[in-house]
Each structure stands twice: as structure tokens, then as C-alpha cells.
Amino acid sequence: MLIDIKNLYKVYDLGEVQVAALNGVDVSIAKNEYVAIMGPSGSGKSTLMNIIGCLDVPSDGEYILNNKRVSEMVDDELAEIRNKEIGFVFQTFNLLPRANALHNVELPLIYNGTTRAKRKEIAKDTLEKVGLGNRMHHKPNELSGGQRQRVAVARALVNNPSIILADEPTGNLDSKTGEEIMQLFEDLHKAGNTIILVTHEEDIARHSRRIIRLLDGKIVSDEATKN
Amino acid sequence: MISNSFALVGEYISMAWVSIISHKMRSFLTTLGIFIGVTTIITIWTTIQGLNNYVNDTLSEIGSSVVYVEKFPWVITGDFFKYRNRKNVTWNEYEAIQRYSTVADYVTPQVVSQKTIGYRENKFENIAVLGTTESFIETSSVLPSEGRFLTELDIRNRISVCVLGAELATRLFENTDPIGKRISIDGLKYRVIGVLERQGDFFGQSRDEYAVVPIGTFRNVFGPHRGMQIAVMTNNADAVDDMKEELRGILRKERKVKPDEEDDFAINEQTQLTSFYSSTTSTLYAIIIVIAAVSLLVGGIGITNIMLVSVTERTKEIGLRKAVGAKRINVLSQFLIESVAISSIGGTIGIAFGIIGGSIVLSFMQVDTGVSMSSIFVGFGFSALVGIISGFYPAFKASNMNPIDSLRYE
Ligand SMILES: Nc1ncnc2c1ncn2[C@@H]1O[C@H](COP(=O)(O)OP(=O)(O)OP(=O)(O)O)[C@@H](O)[C@H]1O
Ligand SMILES: [Mg+2]
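Chains as they are written, first to last, in my numbering: chain D, -7 to 219; chain L, 895 to 1304.
Below, the structure written as C-alpha cells:
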């Protein structure tokens, strides 16, 4: 298994009250799966994604990623895992505003010590893969929303991660542009990538092969789609 | 991990550059404190270094194994009036030293007076005329560059010959050869037998505008009752202290100083001037330290402040960098290098202005000397240090940010 999660808890201690954002989650995800996580607002989708993406650590339980016991790692070790294993796509793109598309895509490569020349080459190839070969030197404010999200997808891909995580990747896009991004994910999945995405919309979730539904920090259903 | 972040220094510098040029005005104002501090420090530093070179070069020409017996000490501290009633140092003391000193190898009497010197239509007033003996060459270590110096024979026979300082020779004779020509000193004729090698200026004052005549001649013409300076030299550098002790004894006896009275003469030497000089410059060094401390504080607080603002503004960027794999050391280095870059910009401009400032001060003092490279190291060292110290807290704060909270920051 690529991802093995057992009895996972995330509790936020707010002084008087304790909020259990995740309340005993068990889930396994294999290589080259395409999973959508759904559920109402506040059900713990983002919390689960952040833990899977090693941005956050669980309060209790076990998380094994690629045979590594991530749940016991500290800061800098997690940073290294994020760099090697994870590619993030955020709802709000999160591009560096002063850097052009190429430099934004290069970013993960800076932190694994890839040389400058090699970085440019890989980033260029990746931008071409997402259809932005002709926009490499544009800054984010010179790109459309859909194009920005493509840059973000290229950045997530550039390190050849084990998993691509996308939290509401179409949330800030109109439905037509959103559909184009989903097509891009479809292609990436076909090319062998493992994709996990969070979404509110059934239309978007339908693109995946498996839908996990959360409610109050628990998995309430986990089934394959018709694809 | 360390070597990885070392390889990234180039990246951090270009990140810092992007950040600095996208806030030009802010960066400029931030670095102003450092600029002013470094300018002041380098101005003073350049001045001191220039003076050091200059003064040391000049003072080292006074041999360290020569002492000067005189009425007054070179550096007077405290009450001047107690020196006023002293008797002149005279020929008697000279003869006593000649006769009794066992340590001294050369004893040179020197008397000076300002006279009018002329050659044909060229006439100059108030030129120093020095009466001395042949050993002047040893005690003052100047050599003739043309002709010869006074000999024992000239001295013994009180011959009317003279040796000219290089500048005086040029002024009197312009391009003609002075040797063998007859000049007048206060109306009397003297044959020029030599010209001394050029010694250069000291704080704008020429040290080559004088004429040397045999001391006996001087005393015959201008009178014997003049205050004298006696240069006493030993060839054994280790014997200087012994020589001074011996001279004190001889002089006290000769001048009939009672055992309970202080010396009524001075035995001067080069170290007196160098130690006076270094006590003066140590005051300047103290000023540098105070200015350095104040501008470190003011400039440093400015940088800390702006870096904290910058870190807060770029919380999202920090979160993103961490999300894609930046470790704490990476974020720390990025912001530390940014703050060093900001202060180094001020520092670099400050070094340039300081060197110019120092050169201007030195030229007002008529000191011509090369600019010391050490000011560049001092300037960079200082501004880098301020950058590191003042950037550390903001950079540390950035490096410890939690990636999720930072990404969510609006
Ligand atoms: N940092 C935090 N401190 C306290 N409570 C938090 C924190 N982050 C999340 N929570 C709580 O945890 C629960 C789950 O939040 P989460 O962001 O995972 O929900 P979500 O399913 O992603 O919702 P949405 O669809 O609105 O994005 C919510 O009740 C939220 O208030
Ligand atoms: Mg969410």
C-alpha cells in the first residue's frame, strides 16, 4: 500500500472545548488510485489532506507512507518527505507573485539540490506537459485563473511525487475552466500518477475512481465510482 | 544538510535581490542607518590609518637609538610654567658629554637661528640655519645627495662653508649646480660644499629648507650664548636606557642640580612622540567604538523591524516554501541573507563615502598616503555583523512558522 492510515485522530484543543477534526479514521490507498474525498463543510477533509500531505501531524494513530512511519517524524524530516513524495495543488493556487511561471515550477527542485540548469530544463518540460509551454515567462498576474492552476499543477508534478494532493482545486475556477483542470488530472492519472482530491461538487468527484465520504471526522462511506 | 544550504547561497542571494528591488524605498530607508554608521567609521578609520602610516614613516627616521638633550620635553603635560625658568643647554654640557660619556658613540651639538639667505638676486628670509658638527650625518641619518657634508677639518678650522637642504638648494639655484657657489647668510659669504638628500614634507611643512654650517662658524658669527640641542647616539640599541641614565648623571653634575631637585633639562627620544601619538589615536578609536555601537543599535533595530514586517507580509510565501520542502535552515538562511544583503548595501556605499571622506580629511592635513585596504574589511565586517545580528530573530521566527497556519494566513 502507498498510504496506510490506522485509527487516526486530530484533536484541536481550544481551551474550554476540544474539537476532534478527525475521529478515528482508517483508510488505505494504493499506487495509481484516483480518490475523491467529500463531505460537508467542517467534516475534516482538509485536516485529513494536510496529514496525508505531511503538512500536519496527527494527535494519535498511525500513518505509513511508502513504508515510512510518517506519524512519528519531526519538522525537517517531514519537509524532506513533502519534497520527495508529495505534490500539492491548492484552491488559491499559492504561486509566488513576483516569480514567473518557470520559477514557480522550479521551486521544489531548489530544495532538493537540483542544479540551476537541470532545474530549468525539468520545469520547462513540466510546463509543456500542462500546456503552458508558451507562458513560461509570465508572472501569475499575467495569467488567467485556469492557467495559474496549471502552473500550480506543474509545480506539484515537477518532483515526480508519489502522490498529488489537491484541496478543492477547482474551487476558484468557473465550471468550464474547472472541467479543463479535471481533464488534466485525468491525463495524469492515466500516466500512472496517484491523485487524491477534496471537493464539494459531485460533478468533480465523478472524475475519480473512488469516493470517500467524511462526516464529523469519520469515514461514512468508501466506494468505487462507475468509471 | 549544511552543505546543501551552502550550495543554495546563490539562490538566497537572488531571492534577497528580488525582495530588495521590489521594495526599493523601504530597503533604502532601512539601510540608511548602516550607511551613516559605516561612513563615519570608515572616514575615521581611513584617517587614522593614513596618519599611522605617515607618522610612523616619518618618526622612524628619527633613529630609535638617538636621544636629544634639550631644555624642554617634546610632549609637555601639566604645568608649562615650571619649565620656563630653566637654563639653556649650552656648549659646556656638550663638552661634558663628549668627555664623560662612555656609552655614547656620537654627540652632535645643534644650534638653530632664522636668517636671510641669498644667492645673486634670489633672497629668502627666515630660513633655518643650523650650526653643527660632522657627526650630524650619523645622528640625523641624512646623507648628502651632491657634494659632501661638513668634515672635522671644516669644524675645527671654522671654515665658511655650508651644506643646503634639497628644497633650499632648488629655490636658490633653480637648475644650476650649487656646488662651489657662494651664497650669503646675513650678508656673509659661504661656499656651498654639498646638498642633502630630500626628506619630504611633514604635514605640509618642508623639511628640506635649511642650511648647515660648522658650529664654530655659527657661534663666531651669531654669538655663542644660544640654547642648544645635543643629539646623542649609541650604536648599541640595547644601551639606550643606560645612556640616558649616564647622561642624566653628567647633566645634573654639570648643571649643579641639587640631589633633592628635579632634572632641569629634558632627554627626548622618538618613543615619546610615538606614545603621545598613540594616546591621541586611542581616543579616536574610542570614538569609533561608540559610533559603531550607536549605529549598530539604530541601524540594527531598523533592520530587525523591517525584517519582521517582511516576514509577516510573506507568511504565505514561507508556508508555500515549506510545503514544497524547505527546511528550517533553508528559511532561516534565506531571511538572514536578505538582512545581510540590506545592511551590506548600506555598508558598501558607506565604505565608498568613508574612503572619500577620509581622503578629504587627510588632504586637509596635507598628508598624502595610500588608502588602506583594511577599511574595506572593516566596513564589510561591520555591516555583515549588523545584518546577521539584527536579522537573526526575524529569520528564526520565519523558520519556525508552521506550514499550514502560514498557508492559511491572509
Ligand atoms: N487550526 C484549527 N484550530 C481549531 N480548529 C480547527 C483548526 N483547523 C480546523 N479546525 C476544525 O476542525 C474541523 C475540520 O476542519 P477542516 O478544515 O478539516 O474541514 P473541511 O472538511 O475541510 O471543511 P471545508 O469544506 O469548509 O473546507 C472544523 O470543525 C474546524 O473548525
Ligand atoms: Mg477544507
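C-beta atoms are modelled at their ideal positions from N, C-alpha and C, and glycine is treated no differently.
Distance, L:I914 Cα to D:D214 Cα: Within the first sequence, the letter at position 222 stands for residue 214 of chain D. Within the second sequence, the letter at position 20 stands for residue 914 of chain L. For D:D214 and L:I914, the distance between alpha carbons rounds to 50 Å.
Using a beta-carbon distance below 8 Å, is D:Y103 in contact with chain L? The residue you call residue 103 of chain D lines up with position 111 of the first sequence. Contact of D:Y103 with chain L is assigned, a C-beta pair being separated by under 8 Å.
In chain order, what are the residues with a CB under 5 Å from some non-hydrogen atom of ligand 1? Matched residues: D:Y4, D:V11, D:A13, D:S33, D:G34, D:S35, D:G36, D:K37, D:S38, D:T39.
Express the C-alpha separation of L:T940 and L:S1268 in angstroms, rounding to a whole number. Here residue 1268 of chain L corresponds to residue number 374 of the second sequence, with the count starting at 1. Here residue 940 of chain L corresponds to residue number 46 of the second sequence, with the count starting at 1. Using only the alpha carbons, I get a separation of about 9 Å.
Comparing C-alpha positions only, which one of D:L206, D:A197, D:I155, D:G209 sits nearest to D:T217? Against the first sequence, residue 217 of chain D aligns to sequence position 225. Nearest of D:L206, D:A197, D:I155, D:G209 to D:T217, Cα basis: D:A197.
Is D:V81 near ligand 2, judged by its Cβ being under 7 Å from some heavy atom? As a working note, residue 81 of chain D is residue 89 in the first sequence. No, the beta carbon of D:V81 sits no closer than 7 Å to any heavy atom of ligand 2.
Does the distance between the C-beta of L:V1315 and the nearest non-hydrogen atom of ligand 2 fall short of 7 Å? The first residue shown for chain L is 895 and the last is 1304, placing residue 1315 of chain L beyond what the model contains.
Go ahead and label L:M909 buried or exposed: buried means 16 or more other beta carbons lie within 10 angstroms of its beta carbon, across all protein chains shown. Here residue 909 of chain L refers to the residue found at position 15 of the second sequence. The residue is buried, with at least 16 neighbouring Cβ atoms inside 10 Å.
Cβ distance (whole Å) where L:I1144 is taken to contact L:Y994 below 8 Å: In the second sequence, residue 1144 of chain L corresponds to position 250, counting from 1. In the second sequence, residue 994 of chain L corresponds to position 100, counting from 1. Taking C-beta atoms under 8 Å as the contact rule, L:I1144 and L:Y994 qualify, at a distance of about 5 Å.
Anything in chain D within Cβ reach of L:I1298, meaning under 7 Å, just list it in chain order. Taking the second sequence and counting its residues from 1, one reaches residue 1298 of chain L at position 404. Those within 7 Å of L:I1298 in chain D are N42, L47, D48.
Nonlocal neighbours in the same chain, by C-beta distance under 7 Å from D:V150, ignoring five residues either side: Against the first sequence, residue 150 of chain D aligns to sequence position 158. For D:V150, where only same-chain residues beyond five positions count, the Cβ hits under 7 Å are V97, P100, L101, I114, A115, T118.
With respect to the alpha helix (DSSP H) encompassing L:P967, which residues constitute its N-terminal and C-terminal limits? If you number the second sequence from 1, residue 967 of chain L lands on position 73. If you look at L:P967, you'll find it isn't in any alpha helix (DSSP H); DSSP assigns it neither H nor E.
Chain-ordered residues of the stretch 898 to 930 of chain L with a beta carbon less than 9 Å from chain D: Cβ contacts with chain D come from N898, A901, L902, G904, E905, V912, S913, S916.
Taking the C-alpha atoms as reference points, what is the distance between L:P1108 and L:D1132? The sequence position of residue 1108 of chain L within the second sequence is 214, counting from 1. The sequence position of residue 1132 of chain L within the second sequence is 238, counting from 1. The straight-line gap from Cα to Cα measures roughly 31 Å.
Whose Cβ in chain L lies nearer than 8 Å to the Cβ of D:R61? Stepping through the first sequence from its first residue, residue 61 of chain D is reached at position 69. Result: empty, since nearest Cβ-Cβ is about 19 Å, beyond 8 Å.
Just the C-alpha distance for L:V960 and L:E1140, rounded to the nearest angstrom, thanks. Locating residue 960 of chain L in the second sequence gives position 66, counting from the first residue. Locating residue 1140 of chain L in the second sequence gives position 246, counting from the first residue. Roughly 14 Å between the two C-alpha positions.
What first and last residue would you give for the beta strand (DSSP E) that runs through L:Q1260? Position 366 of the second sequence, counted from the first residue, corresponds to residue 1260 of chain L. Note, L:Q1260: premise wrong, no beta strand (DSSP E); not H, not E.
Along the chain, which unbroken stretches of the beta strand (DSSP E) at least 3 residues long are found entirely within the stretch 2 to 75 of chain D? Here the runs fully enclosed are 10 to 21, 26 to 30, 52 to 57.
Run the proximity test for D:D208: is its beta-carbon closer than 7 Å to any non-hydrogen atom belonging to ligand 2? Residue mapping note: residue 208 of chain D aligns to position 216 of the first sequence, counting from 1. Remark: the shortest separation between the CB of D:D208 and any heavy atom of ligand 2 does not fall under 7 Å.
Is the beta carbon of L:P1288 sitting closer than 8 Å to the one on L:F1229? Within the second sequence, the letter at position 394 stands for residue 1288 of chain L. Within the second sequence, the letter at position 335 stands for residue 1229 of chain L. Closer than 8 Å, so yes.
Considering L:P1038, what are the terminal residues of the beta strand (DSSP E) in which it resides? Residue numbering aside, residue 1038 of chain L sits at position 144 when the second sequence is read from its first letter. That run of the beta strand (DSSP E) goes 1038 to 1041.
Chain L contact for D:R202 (CB, 8 Å cutoff): Translated into positions along the first sequence, residue 202 of chain D becomes position 210. At least 8 Å separates the CB of D:R202 from every CB of chain L.
Just checking D:D166 against ligand 2 - is the residue's beta carbon closer than 7 Å to any of the ligand's heavy atoms? As a first step, residue 166 of chain D must be located in the first sequence, where it is residue number 174. No; taking the cut-off as 7 Å, the Cβ of D:D166 has no heavy atom of ligand 2 nearer than that.
Partner residues on chain D for L:A1217, Cβ-Cβ distance less than 7 Å: Within the second sequence, the letter at position 323 stands for residue 1217 of chain L. Correct list: L47, R74, F80.
Could you give the DSSP three-state label for L:Y1303: helix, strand or coil? In the second sequence, the residue the question calls residue 1303 of chain L occupies position 409. If DSSP states are grouped into helix, strand and coil, L:Y1303 belongs with coil.
Quick check: what's the CA-CA separation for L:E1028 versus L:S1078? Here the question's residue 1028 of chain L lines up with position 134 in the second sequence. Here the question's residue 1078 of chain L lines up with position 184 in the second sequence. Roughly 21 Å separates the two Cα atoms.
Pull out every residue of the stretch 90 to 124 of chain D whose Cβ sits closer than 7 Å to any Cβ of chain L, in chain order. Taken in chain order, the members of the stretch 90 to 124 of chain D whose beta-carbon sits within less than 7 Å of a beta-carbon on chain L are R90, L99, P100, I102, Y103, N104, G105.
Are L:R1146 and L:D1135 close, meaning C-beta to C-beta below 8 Å? Residue 1146 of chain L sits at position 252 when you count from the first residue of the second sequence. Residue 1135 of chain L sits at position 241 when you count from the first residue of the second sequence. No. Outside cutoff.
Against D:D221, what residues of chain L qualify as contacts under a CB-to-CB distance less than 9 Å, listed in chain order? What the structure shows of chain D is the stretch from -7 to 219, and residue 221 of chain D is not part of that stretch, so it cannot be assessed.
Indicate, with yes or no, if ligand 2 has a heavy atom lying under 7 Å from the CB of D:D159. As a position in the first sequence, residue 159 of chain D is number 167, starting the count at 1. Under cutoff, so the answer is yes.
Would you mind stating whether D:D159 and D:S33 have Cβ atoms separated by less than 8 Å? Along the first sequence, read from residue 1 onward, the residue named residue 159 of chain D stands at position 167. Along the first sequence, read from residue 1 onward, the residue named residue 33 of chain D stands at position 41. Inclusion of D:D159 and D:S33 in the CB contact set at 8 Å is not warranted, their separation being larger than that value.
When burial is assigned at 16 or more other CB atoms within 10 Å of the CB, is D:G138 buried or exposed? For this step, residue 138 of chain D is matched to residue 146 along the first sequence. D:G138 comes out buried.
List, in order along the chain, the chain D residues whose C-beta lies closer than 8 Å to that of L:K1210? Along the second sequence, one-based indexing puts residue 1210 of chain L at 316. In chain order: N86.
According to the neighbour-count rule (16 or more other Cβ atoms, all chains shown, within 10 Å of its Cβ), is L:E1019 buried or exposed? Position 125 of the second sequence, counting from 1, holds the residue named residue 1019 of chain L. Counting Cβ neighbours within 10 Å, L:E1019 comes out exposed, since fewer than 16 surround it.
Count the other C-beta atoms from every protein chain shown that fall within 10 angstroms of the C-beta of L:T1206, then say buried if there are 16 or more, exposed otherwise. Translated into the one-based positions of the second sequence, residue 1206 of chain L becomes position 312. Counting the other Cβ atoms within 10 Å of the Cβ of L:T1206 gives fewer than 16, which makes it exposed.
When the Cα of L:W985 is compared with those of L:S1034, L:G1110, L:G1012, which residue comes out closest? Counting from one through the second sequence, the residue named residue 985 of chain L turns up at place 91. That would be L:G1110, whose Cα lies nearest to the Cα of L:W985.
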